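> One structure coming up, written as structure tokens, with questions to follow.
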Amino acid sequence: MTRVWRLLGWTFALLLLAMPVVAVVNGWIGADRWPIRTLALQAPLKLVDEATLRATIAPMARGGFFAVDPNAIREAVAALPWVDKVDVRKRWPDRLEVRLTELRPYAHWGDDRLLSEDGRLFALPPGMAKSLPRFEAADGRVAEVIAFHRDARPVLVRVGSDIHELRLSARGGWSLTTVDGIHVELGRHDALPRLSRFARLLPTLGRDPAGRVLQRADLRYTNGFALTWGEAAAAPAAPSAAPLASSNA
149 MTRVWRLLGW TFALLLLAMP VVAVVNGWIG ADRWPIRTLA LQAPLKLVDE ATLRATIAPM
209 ARGGFFAVDP NAIREAVAAL PWVDKVDVRK RWPDRLEVRL TELRPYAHWG DDRLLSEDGR
269 LFALPPGMAK SLPRFEAADG RVAEVIAFHR DARPVLVRVG SDIHELRLSA RGGWSLTTVD
329 GIHVELGRHD ALPRLSRFAR LLPTLGRDPA GRVLQRADLR YTNGFALTWG EAAAAPAAPS
389 AAPLASSNA
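In my numbering, the protein residues as written are 149 to 397.
In structure tokens form, the structure reads like this:
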């Protein structure tokens, strides 16, 4: 029994001695010693706003080197729009490195949003060029629109065209506008087979003998489609001959 009490006594004494040491070490690590002085963003930012990114990181990087939590910073940055992957590392003695990759924009969604490749919608960043295709549909049909675009685009690309705008109506009807300005009505059923049949004839339709321009194609017919032609482009006026200058020998 005496040995037990002696062992308990030594254990208690060691705990008393360890408590100040733990407190000192904890204060030494958690205090604002060795502050982070350099924030290195190792990524070219196109869609993620750098000012917002720095403002997100700054409050969590104010402690000392040992107090800064890379995991907390990683989670906060990953929640920002257009951020795909994030890696946060500390470099002794005062450097914080943040490496991120952005989501890739896939298309414009309506007039004021962008659609990412993985189907997320974000506000349109200021100054974003409108070189991407434009989609119009209900937000709940994002996956359906992306899938149809990925199937339909190669059909037109093979014949030298492409999709400029793609629309899915509330009733489920598909329509698109090509980069050549042709509006194509596909309807609700068999949209892709209809587009494939039309695409096979598109190179021929583009060579109208009268010089007319194809403006609209309605493919919602069982055995054919209806075409709407625009006026032929006016031929450029021939330059007038300049009068010959006379010269006296």
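Each residue gets a CB set at the ideal place from its N, CA and C atoms; glycine is no exception. Since we're looking at a predicted model, the values are computed, not measured.
Buried or exposed: where does L269 fall if 16 or more other Cβ atoms within 10 Å of its Cβ makes it buried?
The residue you call residue 269 lines up with position 121 of the sequence shown. Exposed: under 16 other Cβ atoms inside 10 Å.
> For A255, count neighbouring C-beta atoms within 10 Å of its own C-beta (all shown protein chains included) and say buried if the count is 16 or more, exposed if not.
The count along the sequence shown starts at 1 and reaches residue 255 at position 107. With 16 or more Cβ atoms within 10 Å of its Cβ, A255 is classed as buried.
> With a 10 Å radius around its C-beta and 16 neighbouring C-beta atoms as the bar for buried, classify V246 as buried or exposed.
As a position in the sequence shown, residue 246 is number 98, starting the count at 1. It is buried - the Cβ of V246 has at least 16 other Cβ atoms within 10 Å.
> Exposed or buried, S323, counting other C-beta atoms within 10 Å across all chains shown (16 or more means buried)?
Counting from one through the sequence shown, the residue named residue 323 turns up at place 175. The residue is buried, with at least 16 neighbouring Cβ atoms inside 10 Å.
> To the nearest whole angstrom, what separates the beta carbons of L334 and L367, a pair I think is in contact under 8 Å?
As a working note, residue 334 is residue 186 in the sequence shown. As a working note, residue 367 is residue 219 in the sequence shown. Contact holds; Cβ gap of about 6 Å.
> When the Cα of D232 is compared with those of P274, T370, L248, A224, which residue comes out closest?
One-based indexing of the sequence shown puts residue 232 at position 84. It is L248.
> If we count the other Cβ atoms within 10 Å of its Cβ and call it buried at 16 or more, is P241 buried or exposed?
If you number the sequence shown from 1, residue 241 lands on position 93. With fewer than 16 Cβ atoms within 10 Å of its Cβ, P241 is classed as exposed.
> Classify A271 as buried or exposed, calling it buried when 16 or more other Cβ atoms lie within 10 Å of its own Cβ.
Position 123 of the sequence shown, counted from the start, is the residue given in the question as residue 271. With fewer than 16 Cβ atoms within 10 Å of its Cβ, A271 is classed as exposed.
> According to the Cβ coordinates, are R342 and R319 closer than 8 Å?
Your numbering for residue 342 matches position 194 in the sequence shown. Your numbering for residue 319 matches position 171 in the sequence shown. Contact check for R342 against R319 fails: the beta carbons are separated by 8 Å or more.
> Around the C-beta of S264, are 16 or more other C-beta atoms found within 10 angstroms, so that it is buried, or is it exposed?
Walking along the sequence shown from the start, residue 264 turns up at place 116. Per the 10 Å Cβ criterion, buried.
> Is the region 221–231 touching the region 288–305, taking contact as three or more C-beta pairs under 8 Å?
They do not touch, by the three-pair rule.
> T200 CB to nearest chain B CB: under 8 Å?
Here there is only one protein chain, and chain B is not present.
> Looking at C-alpha atoms only, which residue of Q190, R243, L375 is the closest neighbour of A365?
The sequence position of residue 365 within the sequence shown is 217, counting from 1. Residue L375 holds the alpha-carbon nearest to the alpha-carbon of A365 among Q190, R243, L375.
> Alpha carbon to alpha carbon, how far is V234 from R222? Give it in angstroms, no decimals.
As a working mapping, residue 222 is identified with position 74 in the sequence shown. As a working mapping, residue 234 is identified with position 86 in the sequence shown. CA-to-CA, the gap between R222 and V234 works out to about 6 Å.
> My guess is that L362 and S309 are in contact by the Cβ rule of under 8 Å, so how many angstroms apart are they, rounded?
Counting from 1 along the sequence shown, the entry for residue 362 is found at position 214. Counting from 1 along the sequence shown, the entry for residue 309 is found at position 161. Rounded, the Cβ-Cβ distance is 11 Å, inconsistent with contact.
> For V332, name the three-state secondary structure that DSSP assigns.
Working through the sequence shown from its first residue, we reach residue 332 at position 184. The answer is strand: DSSP assigns V332 an E or B state.
> How is the alpha helix (DSSP H) around H297 delimited, first residue to last?
Residue numbering aside, residue 297 sits at position 149 when the sequence shown is read from its first letter. Segment 290–305, the alpha helix (DSSP H) holding H297.
> Buried or exposed, going by whether 16 or more other CB atoms sit within 10 Å of the CB of P192?
The residue you call residue 192 lines up with position 44 of the sequence shown. The residue in question, P192, is exposed, as its Cβ has fewer than 16 Cβ neighbours within 10 Å.
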